[in-house]
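A.B. asks: So for the sequence shown, the numbering used here puts the first residue at 343; every next one is plus one. Glycine residues also receive a C-beta, built at the ideal position from the N, C-alpha and C atoms. In this text, all values refer to a predicted model and were calculated from it rather than measured experimentally. Take this structure first; my questions come after.
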Amino acid sequence: MAPSPTVELPLARKWDYVCVPVVPADVEHPRLQTTGPFSWIDREGGHDELCLFGGVSCHSLIEGPASTVREEVRYAIEHAARDGGLVIATSNVVQPGTTMENYSAMRQAVRDFGSYEKI
């Protein structure tokens, strides 16, 4: 899908249905619409005007272990949070079946790794 000629800013991808060319690949997971991890984003490649939402796999929050959830948060912050523009989340909802242990691990990892100087 080509961007609208009336829009002058780079466009991002709305995870549930709209894909535009700023993002080099369709990264939507067919099973759970996961938004992470951000192995595809390159902030060095001029995509610094994007605000990214995601970084944690729905599957990881449901299946665990908590160490995997923590690693996904750390990876997302390391690769996509430079100069801001990252909201750590999972999909647009917390999926049924998500364990409190894994959800808490995600929240704690944001606290632990959320300061960019720690990476």
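In this structure, does DSSP put V435 in helix, strand or coil?
C.D. replies: Against the sequence shown, residue 435 aligns to sequence position 93. Coil.
A.B. asks: Going by beta-carbon coordinates alone, are G406 and T441 separated by less than 8 Å?
C.D. replies: Position 64 of the sequence shown, counted from the start, is the residue given in the question as residue 406. Position 99 of the sequence shown, counted from the start, is the residue given in the question as residue 441. For G406 and T441, yes; Cβs fall inside 8 Å.
A.B. asks: Check this for me: beta carbons of V415 and G427, under 8 Å apart or not?
C.D. replies: Taking the sequence shown and counting its residues from 1, the one referred to as residue 415 is at position 73. Taking the sequence shown and counting its residues from 1, the one referred to as residue 427 is at position 85. No, the pair does not count as a contact, with Cβ atoms beyond the cut-off.
A.B. asks: For L403, which residues in the same chain have their Cβ closer than 8 Å to its Cβ, ignoring the five residues on either side in sequence?
C.D. replies: Taking the first residue of the sequence shown as position 1, residue 403 is located at position 61. Around L403: V411, T432, V436, Q437, T440, T441, N444, Y445 and M448.
A.B. asks: For A451, collect the residues of the same chain with a Cβ closer than 6 Å to its Cβ; drop the 5 residues on either side in sequence, then sort them by chain order.
C.D. replies: The count along the sequence shown starts at 1 and reaches residue 451 at position 109. The answer, listed in chain order, is R412 and V415.
A.B. asks: For the beta strand (DSSP E) containing G397, list its first residue and its last residue.
C.D. replies: If you number the sequence shown from 1, residue 397 lands on position 55. Element bounds for G397: L394 to G397.
A.B. asks: Quick check on S457: buried or exposed, where buried means 16 or more other Cβ atoms within 10 Å of its Cβ?
C.D. replies: The sequence position of residue 457 within the sequence shown is 115, counting from 1. It is exposed - the Cβ of S457 has fewer than 16 other Cβ atoms within 10 Å.
A.B. asks: Span of the alpha helix (DSSP H) holding S446?
C.D. replies: Taking the sequence shown and counting its residues from 1, one reaches residue 446 at position 104. S446 -> alpha helix (DSSP H) spans M442 to F455.
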